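Here the structure is laid out as structure tokens; the discussion comes afterwards.
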Amino acid sequence: NAVDEDNDDLIILSEESADCSRASSPPTLSSAAGSKPNPATAPQTQSLQCSLSIETISSSYEDHKVIKPGVHWELLRVVLHHSIRSYLNKPPGTFLFALGFSRSSKSSNGWNFLTYLSSSKFDYKPPGSTDSVTLTQADFDCLAPGGLLNDAIINFYLKYLYFEQLTDVQRQATYLFNCFFYSRLAGVSPTPVVNNCRLPSANPPTANVTTGQNNASGFVGYIPDKARHANVAKWTRRVDLFCKDYIIIPINEASHWFLGLVCYPWMAGMVSYTALYRAAAFDLCQLTNEFLDVDLIKFPNDVDDKTISQEPIERRSDDPKGVAFDRWRRRRLAWLRSRGINAMPCILLFDSLPCQTRVSNLHVIRDYLQVEWDSRRSEQDGPLHFDKDTIRGFSPRVPSQSNLVDCGIYLLHYVEMFFKQPVQSYTKDYFQNEMSSWFSDDTVGQKRADIRTLLARLNERYHAEERTD
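When we follow our numbering, the leftmost residue of the sequence shown carries the number 245, and every step to the right adds one.
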């Protein structure tokens, strides 16, 4: 994609995003019962119409259903774009099932999960955490083919990854928000739920005063940055986000899951983006003039990742404001660069349906970081600015879904792969070329079954622990 080096805020690296952004209108599907579908969208021999009511969907295309108000047009358009060719030659009902509208939402490959439990629910208690996630049979049903993952499954698997799969160093450097954080921050009204699956919000797209762009998140007008921050101010009262390398933010808008991931917020202002578009994938990022001496910092042989990750901000009585934090982050950046890690402060937005620009989401997250710093750290450490010149936004070209139901699965796999195969170079070239083949579709296709197997294994583990107690 051609990118304006000076003015582009969110760098979108998906060709499909560019194609979608040029679309001037949604597909013309009928909004009246008995109408014929648009020939430009589907063959006249098959009507691809559906209802939001999962219970009333027919497996035959002859009994047409209408699209009711509230369907998120952009998501429906892109799933048609991705899926229609794949399902035209399959039996009636297959296409609707691909959209996630199945007549039977109670099938979990014939396995009733609760028959393996001693009660009507399963409480996952991560080791080392006081929080737990409660799962029921309804949550487990979401893992059936064609099911939309709900909040409980997303929260469960992210907690499992965080507490049981990340290394101690990775966990120390990472903060995980749950599924409700972003909705609370952005002021997004919860989307309707039918059969334990989120459905598109009935709110039409509204203009966001901050960005001046159409926003499909359900925002109603402009919400001041400080007011948004006040909604979630207590969420971080026991954590310093600016000592973390990664902040994980699962996002659900208009029934669609995608991932926000803040990388190295403490590096804001240390790296210049001037050479970003010309640098090769593994060239170290250019430092700003104030921090050119970072590469001169040396470390003794006994220093390792764990030592650096646990190194506190050393505050001395004679330090002017901001010096202690500045000294701490210089050492941290020097360590990363000495190991060849091309770190860069950025906000990554991983979207498995790369159709909508996520500029408004970028602004919400970046504005949150600014108010969080101003309210918690500026008095002690001075000003730190979070804008497009200090922490740039990227929408990497990553593997994408071919239906409307796997967005939650892709979100979970993005997080898992981010820590299994850590990004070594935070550059446009890397995000555009290296990450497009990050993982295969087959891997994601198996993930629902893998999570079901994991739940069974965890349940057996808990029963074994109860017997030993």
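All residues carry an ideal CB built from backbone N, CA and C; glycine is no exception.
In this text, all values refer to a predicted model and were calculated from it rather than measured experimentally.
- Taking a C-beta distance under 9 Å as the contact criterion, lysine 632 and aspartate 253 qualify as a contact pair.
- Lysine 542 counts as exposed, since fewer than 16 other beta carbons sit within 10 angstroms of its beta carbon.
- CA-CA distance, leucine 577 to asparagine 545, rounds to 17 Å.
- Rounded to the nearest whole angstrom, the C-alpha separation of phenylalanine 486 and isoleucine 552 is 15 Å.
- Beyond the five residues adjoining it in sequence on each side, phenylalanine 594 comes within less than 6 Å, by CB distance, of Leu503, Val642 and Tyr658 in the same chain, given in chain order.
- Annotation for asparagine 496: the continuous beta strand (DSSP E) segment containing it runs 490 to 497.
- The bridge partners DSSP lists for asparagine 586 are Ser669.
- For isoleucine 467, the secondary structure class from DSSP, reduced to helix, strand or coil, is coil.
- A Cβ-Cβ distance of about 11 Å is found for the pair threonine 601 and isoleucine 255, leaving them out of contact under the 8 Å criterion.
- Cβ neighbours of tryptophan 572 within its own chain (closer than 6 Å, five residues either side excluded): Ile557.
- In this structure, aspartate 570 sits away from valine 413, with a CB-CB distance that is not shorter than 9 Å.
- In the same chain as aspartate 395, and ignoring 5 residues on each side of it, the C-beta atoms closer than 6 Å to its own belong to Cys423, in chain order.
- The residue among Ile492, Ile398 and Tyr612 with its C-alpha nearest the C-alpha of valine 476 is Tyr612.
- CA-to-CA, the gap between glutamine 554 and phenylalanine 675 works out to about 29 Å.
- For the pair of segments examined, the stretch 394 to 409 was found to touch the stretch 647 to 657: the number of CB pairs separated by less than 8 Å reaches three.
- Taken atom to atom, the span from the alpha-carbon of leucine 702 to that of aspartate 537 is near 49 Å.
- In the assembly as shown, glutamine 645 is a buried residue. Its beta-carbon has 16 or more other beta-carbons within 10 Å.
- Of the candidates Leu648, Leu699 and His707, the residue whose Cα lies closest to the Cα of alanine 498 is Leu648.
- Here leucine 628 carries a coil assignment [DSSP, helix/strand/coil].
- Contact between the stretch 678 to 697 and the stretch 373 to 391 is present, with at least three C-beta pairs closer than 8 Å.
- The three-state secondary structure of tryptophan 501, taken from DSSP, is strand.
- The DSSP-derived three-state label of phenylalanine 663 is helix.
- Between phenylalanine 638 and isoleucine 591, the CB-CB gap stays under 9 Å.
- Between histidine 629 and alanine 512, the beta carbon gap of about 7 Å places them in contact (Cβ cut-off 8 Å).
- Under DSSP, tyrosine 368 shares a beta bridge with Val377.
- Across the structure, phenylalanine 384 and cysteine 529 are spaced so that their CA atoms are roughly 44 Å apart.
- A Cβ-Cβ contact shorter than 9 Å links glutamate 616 with histidine 473.
- Residue state for leucine 592 is assigned as strand, using DSSP reduced to three classes.
- At the C-beta level, tyrosine 406 and isoleucine 493 stay beyond 9 Å of one another.
- Alanine 700 counts as exposed, since fewer than 16 other C-beta atoms from the protein chains shown sit within 10 angstroms of its C-beta.
- Residues of the same chain with a CB within less than 8 Å of the CB of serine 622, apart from the 5 flanking positions on each side, are Leu628 in chain order.
- Judged by beta-carbon spacing, proline 509 lies within the 9 Å limit of lysine 488, meaning their Cβ atoms are closer than that value.
- The continuous beta strand (DSSP E) containing isoleucine 255 extends over residues 254 to 256.
- Around the C-beta of threonine 374, fewer than 16 other C-beta atoms lie within 10 Å, and the residue is accordingly described as exposed.
- Rounded to the nearest angstrom, the gap between the Cα atoms of serine 680 and glycine 652 is 19 Å.
- Straight-line spacing of the CA atoms in alanine 382 and tyrosine 368 works out to 16 Å.
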